[in-house]
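Visitor: The structure under discussion is supplied below as structure tokens; questions concerning it will follow.
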Amino acid sequence: MQLVEQQPEIYLPTSYLSQRNVIKCPSCPMNTTSPKSSLAKLGIHTKQKSLKVMVLGQSGVGKTAMVVRFITRRYIGEYDPNLEKVYTFNTTLDNDYVQFDILDATGQQNENDCSNLESNIRWADAFILMYSVTDKCSFDECNRLKFLINYNKKRRKLGSNNKDYMSDVPVILVGNKNDQTGDRMVSVEEGQRRFRELSCACFHEISVRESVDQVQDVFRDVFRFWRVSSKNPKLKRSTSDVQNEAISPDSGCSFYETASLANETRRSFLVIGSACLEENDHSESNDDMRSSSLNSSHSELETPFRSRASTDGTLLSRPRRWRYPPPGCLLPHTNRVERRMSISTRGSNASY
Ligand SMILES: Nc1nc2c(ncn2[C@@H]2O[C@H](COP(=O)(O)OP(=O)(O)OP(=O)(O)O)[C@@H](O)[C@H]2O)c(=O)[nH]1
1 MQLVEQQPEI
11 YLPTSYLSQR
21 NVIKCPSCPM
31 NTTSPKSSLA
41 KLGIHTKQKS
51 LKVMVLGQSG
61 VGKTAMVVRF
71 ITRRYIGEYD
81 PNLEKVYTFN
91 TTLDNDYVQF
101 DILDATGQQN
111 ENDCSNLESN
121 IRWADAFILM
131 YSVTDKCSFD
141 ECNRLKFLIN
151 YNKKRRKLGS
161 NNKDYMSDVP
171 VILVGNKNDQ
181 TGDRMVSVEE
191 GQRRFRELSC
201 ACFHEISVRE
211 SVDQVQDVFR
221 DVFRFWRVSS
231 KNPKLKRSTS
241 DVQNEAISPD
251 SGCSFYETAS
261 LANETRRSFL
271 VIGSACLEEN
281 DHSESNDDMR
291 SSSLNSSHSE
301 LETPFRSRAS
311 TDGTLLSRPR
321 RWRYPPPGCL
331 LPHTNRVERR
341 MSISTRGSNA
351 SY
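Everything in the sequence shown is counted per full-length UniProt numbering, starting at 1 for the first residue and increasing by one.
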């Protein structure tokens, strides 16, 4: 699962420019032309996917620094905070050719910007919700932004007469600047708790300044969660316990939902009601199925499914539990107090 880096491309689509008055970043060190990628030239990729990612967060949390780091692998300290840009970056992830359209939203919002923010949210397929671990306000701002995401994605689906209006776009919560240990105001545990409360897809705590790998992990997860949700748009991911936890060697950390992307094979599970689907492989899911958050009773899950099922698909019979024992059968628990039948249960014809 190598991230193959290619020549970055930035473009500002005409439609986007006209709608949102986006300005090209003059200080950006990357090419502003759109050279065709080497893969495209060779004609290797057959299907090009465009993944529209919106990076959201309060001003100064490091959104631009992260996007530029992902595309160029470089860390650049200072940016014009008032610029809102769309970067297009072609890369290969998990053997899939993918085109990222990354909208770096400006964090300085006034009331007039609110409708612009909401239309940008409707444009995006996936979100990176960013805060700085050195800024509690930016952490709290994530609540408002997540609410706006939920609201706008939900409304769009309702408008399209789709009854399945649950918003299931991937939202990755990212705490940045964890290199500034002395200035920390938000702990890892608080970030993890907030990620659960907001029902985000996963949580990363990173330092854009210190690690390009952590930044790439964030975008890799955006892509993976988006791929799962776009393949199964009607499925709702489990919002249950976070069981898997991965601490990367360079001190960034990530938290995932139950049996999702953190394990070695990084398979994702989707939960629909009480059914569990695995994204990649349906053949050997016994152990993983048990780790998912199903409503099945604990005792049922103790016995592996295959030992309970015969080859013709029928379940082996389990001892029948009687509510009232059949005639002639003694109750196994003798100290049980026999319930007296009420008059209504015995009926009006009962003799006393
Ligand atoms: N120590 C530290 N500083 C960082 C890190 N990432 C970004 N910064 C700094 O944080 C400041 C703000 O970064 P930006 O990328 O401009 O933040 P932004 O969220 O895009 O801000 P707006 O454009 O105003 O929305 C800059 O001075 C960056 O150098 C990091 O991981 N560690």
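For every residue, glycine included, the Cβ atom is placed at its ideal position computed from N, Cα and C.
From a predicted model like this one, the values you see are computed outputs, not experimental measurements.
#1: Which class does residue 186 belong to by DSSP, given the choice of helix, strand or coil?
#2: If we require 4 or more residues per run, which alpha helix (DSSP H) segments fall completely within the segment 62-95?
#3: CA-CA distance, residue 175 and residue 68?
#4: Run the proximity test for residue 181: is its beta-carbon closer than 7 Å to any non-hydrogen atom belonging to ligand 1?
#5: By Cβ distance below 8 Å, which residues in the same chain neighbour residue 215 in space, the five residues on each side in sequence not counted?
#6: Looking at the unbroken alpha helix (DSSP H) that takes in residue 132, where does it start and where does it end?
#7: Could you check the C-alpha separation between residue 78 and residue 184 for me, to the nearest Å?
#8: If distances are taken between C-alpha atoms only, which option among 53, 148, 153 and 139 comes closest to residue 100?
#9: Ligand 1 heavy atoms versus the CB of residue 144: any closer than 7 Å?
#10: Within 8 Å, do at least three Cβ pairs link the segment 132-145 to the segment 181-195?
#11: Count the other CB atoms, across all protein chains shown, that sit within 10 Å of the CB of residue 200; report buried if there are 16 or more and exposed otherwise.
#12: Exposed or buried, what is residue 152 when buried is set at 16 or more other beta-carbons lying within 10 Å of its beta-carbon?
#13: Hey, would you say the C-beta of residue 65 is under 7 Å away from at least one heavy atom of ligand 1?
#14: Alpha helix (DSSP H) containing residue 171: first to last residue?
#15: Could you have a look at residue 142 and say whether DSSP puts it in helix, strand or coil?
#16: If you draw a straight line from the alpha carbon of residue 168 to that of residue 154, how long is it in whole angstroms?
#17: On the criterion of 16 or more Cβ atoms from any shown chain inside 10 Å, does residue 64 qualify as buried, or is it exposed?
#18: Is DSSP giving residue 198 helix, strand or coil here?
Guide: Answer, in terms of the structure:
#1: coil
#2: 63-72
#3: 17 Å
#4: no
#5: 66, 69, 70, 206 and 208
#6: No alpha helix (DSSP H) holds residue 132; the beta strand (DSSP E) holding it covers 126-132.
#7: 21 Å
#8: 53
#9: no
#10: yes
#11: buried
#12: buried
#13: yes
#14: Note, residue 171: premise wrong, no alpha helix (DSSP H); beta strand (DSSP E) at 171-176.
#15: helix
#16: 9 Å
#17: buried
#18: coil
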